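In my numbering, the protein residues as written are 42 to 362.
Below is the structure:
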């Protein structure tokens, strides 16, 4: 299943699923319709509990919520765009009609990895870290495939970083490696946008990594069952059609199960936690000459099975409210 958070008109963002026909289905309304057709009493309240319109709340529901979402999709698979939910709400949209935000919009934490690809290590000559090296981004950095990357006035060196991210699906502490996948809800593309001059100046990464819209992700969260081997996915990034990163998650130093287990020994994993697994070689700052992004550029990332994430770079001066 490909989960999204979509916005139609002035509505708040709501949980949806993208079908093979590039349609977006509102899962909450679809499940309410499913229950109503079965004659279930208080269908609206039950749908709100099992398939809430927020992705983090949905993930917190665990297996029962996933099962309900699949039943919802089956119920409306033959619906047209004109068909309404049992409560009279529109529930199916063309992809072009809606805006997609970050698939996970209000996580407890965003954890990122550095120095976690062998090709990055070979390219830079840096040592392999003896343990995973982690840092955090703030939630303000999250944005989706229909949002721009904002070029802040404070930087002159705007870098890209194509990354595989996984999202936690259930609460966990001290998780054994062999059970780690049980705690993964799914996977998505993540761009760890960086102001490289500021991270170098500050000698730490908080300012240079967490400007608004410095964590584009999506276009959807792909459920774990659709990605049987996250350790063998092609990772590619282009800027204006020029291929700048070309790798595979086989190059990961610390793989997904290792990271789940490691992080769970530091803090209690929570549904919706985002973990970006690090970036391969080919970074803007390491190229000669550097290939930093500029206003007007289009940055596109593709990972096997996860779609394509494209964002335009816009000047901070163009954003005001």
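Even for Gly, the Cβ is constructed at its ideal location relative to N, Cα and C.
Please read these numbers as outputs of a predicted model, since none were measured by experiment.
Between the beta-carbon of residue i and the beta-carbon of residue j, is there less than 8 angstroms?
i, j, result
"residue 158", "residue 288", "yes"
"residue 341", "residue 285", "no"
"residue 70", "residue 130", "yes"
"residue 148", "residue 352", "no"
"residue 59", "residue 136", "yes"
"residue 204", "residue 161", "no"
"residue 346", "residue 267", "yes"
"residue 206", "residue 234", "no"
In three-state DSSP terms, what is residue i?
i, result
"residue 136", "helix"
"residue 349", "strand"
"residue 295", "coil"
"residue 89", "helix"
"residue 281", "coil"
"residue 396", "In this structure the chain extends from 42 to 362, so residue 396 is not present and cannot be described."
"residue 273", "coil"
"residue 123", "coil"
"residue 236", "strand"
"residue 167", "coil"
"residue 99", "helix"
"residue 162", "helix"
"residue 355", "strand"
"residue 250", "helix"
"residue 256", "strand"
"residue 213", "strand"
"residue 204", "strand"
"residue 179", "coil"
Please list, in chain order, all residues of the same chain as residue i whose beta carbon is under 7 angstroms from its beta carbon, the five residues on each side excluded.
i, result
"residue 105", "91"
"residue 242", "none"
"residue 49", "134, 138, 139"
Which residues in the same chain as residue i place their Cβ atom closer than 6 angstroms to its Cβ, once the five residues preceding and following it in sequence are excluded?
i, result
"residue 181", "253"
"residue 296", "272"
"residue 336", "192, 354, 356"
"residue 214", "305, 309"
"residue 39", "Examination of residue 39 is not possible in this model, given that the chain is present from 42 through 362 alone."
"residue 185", "141, 142, 143, 259"
"residue 120", "133"
Is it buried or exposed, residue i, if we count other Cβ atoms within 10 angstroms and call 16 or more buried?
i, result
"residue 309", "exposed"
"residue 251", "buried"
"residue 195", "exposed"
"residue 86", "exposed"
"residue 324", "buried"
"residue 329", "exposed"
"residue 81", "exposed"
"residue 227", "buried"
"residue 344", "buried"
"residue 307", "exposed"
"residue 79", "exposed"
"residue 128", "exposed"
"residue 122", "exposed"
"residue 282", "exposed"
"residue 249", "buried"
"residue 178", "buried"
Select from the options the residue whose C-alpha is nearest the C-alpha of residue i.
i, options, result
"residue 176", "267, 282, 346, 247", "247"
"residue 316", "361, 145, 170", "145"
"residue 367", "136, 336, 67", "The chain is shown only over 42 to 362; residue 367 falls outside these bounds and no answer can be derived."
"residue 109", "73, 97, 314", "73"
"residue 212", "304, 281, 233", "304"
"residue 150", "335, 209, 264", "209"
"residue 173", "355, 350, 302, 314", "302"
"residue 94", "79, 47, 124", "47"
"residue 348", "261, 96, 142", "261"
"residue 168", "358, 294, 338", "294"
"residue 350", "165, 279, 132, 312", "279"
Grab me the residues of residue i's own chain with a C-beta within less than 8 angstroms of its C-beta, minus the 5 sequence neighbours each way, in chain order.
i, result
"residue 63", "135, 136"
"residue 298", "218, 219, 221, 222"
"residue 114", "42, 58, 60, 66, 68, 71"
"residue 116", "71, 72, 74, 75, 78"
Looking at residue i and the ligand GDP, is the gap between the Cβ and the nearest heavy atom below 7 angstroms?
i, result
"residue 148", "In the structure on display, the ligand GDP does not appear, and there are no ligands present to speak of."
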